[in-house]
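Following: one structure in structure tokens, then a few remarks.
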Amino acid sequence: MATAKKYRLAQIVERFGGEVIGNPQTPVSQVAALEHARAQHISFLSHGKYRRQLAGTQAGAVILGKADSQLTQLPRIICDNPYLYFAKVSSLFNPPQVAVPGVHRTAVVERGALVPDSASVGAGAYIGRRVKLGKGVAIGAACCIGDGVEIGAASTLDARVTVYAGCRLGRRVVVHSGAVIGADGFGIAMEDGNWLKIPQIGGVSIGDDVEIGANTCIDRGTLEDTVIEDGVKLDNLIQIGHNVHVGAHTAIAGCTGIAGSTRIGKYCMIGGAANIVGHLDIADRVIIHAAAVVTKSIRKAGAYGGHPAEDSRSWAQHTAKVRNLDSLLERLRAIEQRLSTQEKKI
Amino acid sequence: MATAKKYRLAQIVERFGGEVIGNPQTPVSQVAALEHARAQHISFLSHGKYRRQLAGTQAGAVILGKADSQLTQLPRIICDNPYLYFAKVSSLFNPPQVAVPGVHRTAVVERGALVPDSASVGAGAYIGRRVKLGKGVAIGAACCIGDGVEIGAASTLDARVTVYAGCRLGRRVVVHSGAVIGADGFGIAMEDGNWLKIPQIGGVSIGDDVEIGANTCIDRGTLEDTVIEDGVKLDNLIQIGHNVHVGAHTAIAGCTGIAGSTRIGKYCMIGGAANIVGHLDIADRVIIHAAAVVTKSIRKAGAYGGHPAEDSRSWAQHTAKVRNLDSLLERLRAIEQRLSTQEKKI
Amino acid sequence: MATAKKYRLAQIVERFGGEVIGNPQTPVSQVAALEHARAQHISFLSHGKYRRQLAGTQAGAVILGKADSQLTQLPRIICDNPYLYFAKVSSLFNPPQVAVPGVHRTAVVERGALVPDSASVGAGAYIGRRVKLGKGVAIGAACCIGDGVEIGAASTLDARVTVYAGCRLGRRVVVHSGAVIGADGFGIAMEDGNWLKIPQIGGVSIGDDVEIGANTCIDRGTLEDTVIEDGVKLDNLIQIGHNVHVGAHTAIAGCTGIAGSTRIGKYCMIGGAANIVGHLDIADRVIIHAAAVVTKSIRKAGAYGGHPAEDSRSWAQHTAKVRNLDSLLERLRAIEQRLSTQEKKI
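If you're matching them up, the sequences are chains Y, C and D in order.
Numbered by our numbering, the letters in the first sequence go through residues 828 to 1173 in order.
Numbered by our numbering, the letters in the second sequence go through residues 828 to 1173 in order.
Numbered by our numbering, the letters in the third sequence go through residues 828 to 1173 in order.
In structure tokens form, the structure reads like this:
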């Protein structure tokens, strides 16, 4: 996936800021990890534990934080946030691949669908009636796009994505393979020993710049839309229940489940395999640790973890205390001993 | 997805029972939530916390429980269970969409497959040899149905479902996109440093009126069938291991995993992201809380939670006690203090 | 799926070792569980709790361990490990089905792809440019294989598998339906309130004899490959993050998540629904219990469980102590009582 295009360090700092130490004409054409980099690569140091690798790297240049600027003699770019800077440089060398426009001969486009010339529809993809694709939308092979779906400009659906009828995706949305958007929510009501299915007549509304991971599911709403706001990033194998609302720029790691009707705030960061039960409110800028089980609403920004979840500090203390129950029992036994001794004396 | 068909309140109570207060000729044509409803909508109140929304609703009519019958002046239907009643009314306005019969020109139907005229096979679907589809079965786009599969009348498979060879589905089964039915169970045996694969020669047997969520997996059995009885409802991203038996009318929420050879009773309700280890027996009418980790058989109806799971009441008490260990330590310190004081006195 | 081919017990022990007691000419043609076996079946006893079923079985023959050799009068094979022996016999009766070679007329094979005559490409499958399939590779219906993918000889991809561009699979790999190999890892960096996507330019490298379950996801690496070594067995709905390294012959049960850049050793056994956070090192031969939440590196072989995970023995003790807090409180109350009594006396 490497491109042959070269940039000189001077050109890179012109784009992204920072300062060059060493030869600003040093050419680089790709990013690489410190231990595997060669002369044509630019690498980076974002964590102290990789300093030893910096010493031995064969990279042509490196990206460093200010405090680390003298750790090497290599040509280098000094900046505030080497990880972020690396991300930008990597994006420069590895721009998203643009699909070739056109509808594959084996794709099926139903009547009334709007597929602009700039869009791409892959082999075996199915585009339902009245679907509207924006400019430059790329629909991967074997995707199934239901009737009336709208997908904003420059969005990309990788192979084998399902979008059910009536769902709406914003611009520059990226959906990875196997994701399912808009299946019925889990709405059932018990009557005389049988579950009655509750029609799920809402849809799914997804904002701009959202990324949705492989095999992730976002259910349609019961009456209104399930909503994923702008800039939300969802990893793989996530379950978003019906009527859930995920606030802008929240990032959720893989295997997490969010049950129906829960509202997640903006700029939250939710660890992998977390579980958030239904009908809760989670405030903005809440951090939820991996595998936390959230059973109550969280009204205050901060970090939370455990099963059931509590604030991270309490969780750490409670865990430590449980693991220290031995010493507590020891103290108890000592007290009982002393007490017996005393009782005999009196 | 709204239909234009109107019903008057009088017609609705004629079908579903209950009593009209206000004008029985009030026409409604769709359901909606209290806060978004307009004149053409009928809404409902199933939980006290939405009473304020009832006061402000612009719905044309509402469905209320007996105790709430005087909370509004709107035309209203009074019934025992407003949520269930709403489910029925919603089903009336939103009947399941019936696929147009016929085999899409891009679908592949192998020889010996039985596809009745009333069935529908979507674009790019694959129907293996000797498959038997019942009347009115709808197979979505890009589904892959293995050799010898049988699917009962009026069942619906949404787009991109896999059913492996030899599995059997009952009548009126609904399977959502991405589900995989009948992949090999995880059967391996170690020999001299290598895992030997154990053939999985059982199938999957699914009863009538079962619903299977998006990207859910049900493995085939090792020797006999994995069994999902009538009326079971499975949410998204659930893993059902080989040889598992799920009793009739049990409902399982998303992200739950049930390991091999476990038997789940009838009418159980299993929360999201629960994990039930293999070779257990779970009684009828057991409720398992979200994210519970069940490591032992459960012989008695009731509610269970925690990691490892115990009965809900014990779990709540143990959690509370752990969180109260501070005060316990405080008491311990106080005792030690008093004891030292005493020891000095004597 | 049964075959009609018969073997006599004498022929079986000639292949797999062990000793026949009873008529060595007894013919059997399939394996079955003790309770369902008939005269043509050979069954097995691998666990004491099924001894009662042995007494009542109608099997034609059984496989028993040495200690159990006299528990029945049926013709029988005596061996060291009846479960493993059964696995071999079952493989004999149920060899993997070989797909008919050839490219289905509805499949799409892009130019430059290498598809040997011995390979099979199913209906609607998509094979990208420069893909290289080894001899006897079977690509199921509706699979999507990205540009430049290499798949080693005798590997099988079931229906609806995605392999992204540039990933490499070894020989005799089995991938179940819905798996997604090589989607972008979850790499994002925050800048001024927006998440910047970090290009994922590594691939996925999968060794020989690996099995990958239904709807499991393995993300591509950020800079280098995500690596799954030889003989690894992955169950369904597993998430393997970017840059993860799974050592040879490790087996991982369903619903488990392994976050980015974690290294798992060889011959580990990881229970279902476990969660291992990112950037950890897990030693060889580590056993992780179902639903364990691993938050720290594990340097030593052994068994671990709990949330957060600790060694199994400690976990069991801590759990027991928490559940015994009642008696601890009782003792505390008794002490306080005795102390008060004493204090009054003095």
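Ideal placement from N, C-alpha and C gives every residue a C-beta, glycine not left out.
Going along chain Y in order, which residues have a C-beta closer than 9 Å to the C-beta of residue i?
i       : result
Q1164/D : None at all; the shortest Cβ gap to chain Y is about 10 Å.
V855/C  : By Cβ distance, chain Y contributes nothing, its closest Cβ being about 14 Å from V855/C, past 9 Å.
Considering only the alpha carbon of each residue, which of the options lies closest to residue i?
i       : options                               : result
A1086/D : G1074/D, I1067/D and C1095/D          : I1067/D
R879/C  : Y910/C, D895/C, A866/C and Q867/C     : D895/C
G963/D  : V1120/D, R998/D, D1111/D and T1146/D  : R998/D
G1182/C : L861/C, P854/C and I972/C             : The requested residue 1182/C is not part of the displayed model; chain C covers only 828 to 1173.
A965/Y  : A980/Y, R956/Y and R957/Y             : A980/Y
V927/Y  : G1074/Y, G949/Y and H1106/Y           : G949/Y
K893/Y  : I1173/Y, D907/Y, R1090/Y and A1110/Y  : D907/Y
G1132/D : S1124/C, V1120/C, I1065/C and V855/C  : V1120/C
A1078/D : Y912/D, V1113/D and V1071/D           : V1113/D
K859/D  : V840/D, G887/D and I1065/D            : First, the amino acid is wrong: residue 859/D is Ala here, not Lys. Cα-wise, what sits closest to A859/D is G887/D.
A1016/D : G1081/Y, Y912/Y and R1158/Y           : Y912/Y
N850/D  : I839/D, F843/D and W1022/D            : I839/D
T853/C  : Y834/C, L1050/C, R865/C and E862/C    : Y834/C
H863/Y  : L881/Y, K876/Y and G875/Y             : L881/Y
Q897/D  : S856/D, I848/D, L1156/D and D1019/D   : I848/D
M1096/D : E1056/C, Q1169/C, C1095/C and G1020/C : G1020/C
So which residues of chain Y does residue i contact, with C-beta pairs closer than 8 Å?
i       : result
Q1169/C : Q1169
N1042/D : G1005, N1042 and L1064
L960/D  : Within 8 Å Cβ-Cβ: nothing; L960/D doesn't reach chain Y, min ~17 Å.
Which chain C residues are close to residue i, counting only those with a beta carbon under 9 Å from its beta carbon?
i       : result
K1060/D : F1013, I1015, W1022 and K1024
Taking Cβ to Cβ, would you say residue i is nearer than 9 Å to residue j?
i       : j       : result
R987/C  : A969/D  : yes
A1147/D : K1127/D : no
A1075/D : A1101/D : no
S947/Y  : G929/Y  : yes
N921/C  : I1028/Y : yes
I1033/D : L996/D  : yes
V1037/Y : V1000/Y : yes
A1143/D : K1123/D : no
T983/D  : G1012/D : no
I1162/C : L1061/D : no
T933/Y  : T933/D  : yes
I1025/Y : S917/C  : yes
H1145/C : R1150/D : yes
G1099/C : A1080/C : yes
T989/C  : G1014/C : no
V1071/D : I1091/D : yes
For residue i, return the contacting residues in chain D, with the cut-off set at a CB-CB distance below 9 Å.
i      : result
C971/C : G949, A950, G951, G967, A968, A969, D985, A986, R987 and S1004
Y991/Y : Within 9 Å Cβ-Cβ: nothing; Y991/Y doesn't reach chain D, min ~17 Å.
Given that residue i touches chain C, what residues does it touch there, using C-beta distances under 8 Å?
i       : result
H1145/Y : V1149, R1150 and L1152
I'd like the span of the alpha helix (DSSP H) that includes residue i, first residue to last.
i       : result
Y1094/Y : Premise fails: Y1094/Y is in no alpha helix (DSSP H) and is neither H nor E.
V840/D  : L836 to F843
H868/Y  : Premise fails: H868/Y lies in the beta strand (DSSP E), H868 to F871, not in any alpha helix (DSSP H).
R879/D  : R878 to G883
Could you tell me whether the Cβ of residue i comes closer than 9 Å to any Cβ of chain A?
i      : result
P923/D : Here the protein chains are Y, C and D, and chain A is not one of them.
Could you pull the start and end residues of the beta strand (DSSP E) that residue i belongs to?
i       : result
G919/Y  : It is Leu, not Gly, that sits at residue 919/Y in the sequence shown. From DSSP, L919/Y is part of no beta strand (DSSP E) but of the alpha helix (DSSP H) over P909 to F920.
E1170/Y : No beta strand (DSSP E) contains E1170/Y, which is instead part of the alpha helix (DSSP H) from L1152 to K1172.
A981/D  : Where A981/D is concerned, there is no enclosing beta strand (DSSP E), given that its DSSP letter is neither H nor E.
G1132/C : G1129 to G1133
D985/D  : Premise fails: D985/D is in no beta strand (DSSP E) and is neither H nor E.
I904/C  : R903 to C906
N1063/Y : N1063/Y -> no beta strand (DSSP E), and no H or E assigned at all.
V1113/C : V1113 to I1115
List, in order along the chain, the chain D residues whose C-beta lies closer than 7 Å to that of residue i?
i       : result
A1130/C : Under the 7 Å cutoff, chain D gives no residues; its nearest Cβ is about 17 Å from A1130/C.
What residues from chain D crowd round residue i, counting only those whose CB sits closer than 8 Å?
i       : result
R1158/C : L1159 and E1163
A1173/Y : In the sequence under discussion, the amino acid at residue 1173/Y is Ile, which differs from the Ala named in the question. Neighbours of I1173/Y on chain D, chain order: Q1169, K1172 and I1173.
In chain C, which residues lie less than 7 Å from residue i when you measure between Cβ atoms?
i      : result
V858/D : L1050
So residue i contacts chain Y; which residues on that side make the cut at Cβ distance below 7 Å?
i       : result
P1135/D : T1146
Exercise for review: Would you check if there are 3 or more beta carbon pairs closer than 8 Å linking the stretch 1036-1043 of chain D to the stretch 991-1007 of chain D?
Suggested key: yes
Point to revise | Any 3 or more C-beta pairs closer than 8 Å across the stretch 902-919 of chain D and the stretch 863-875 of chain D | key: yes
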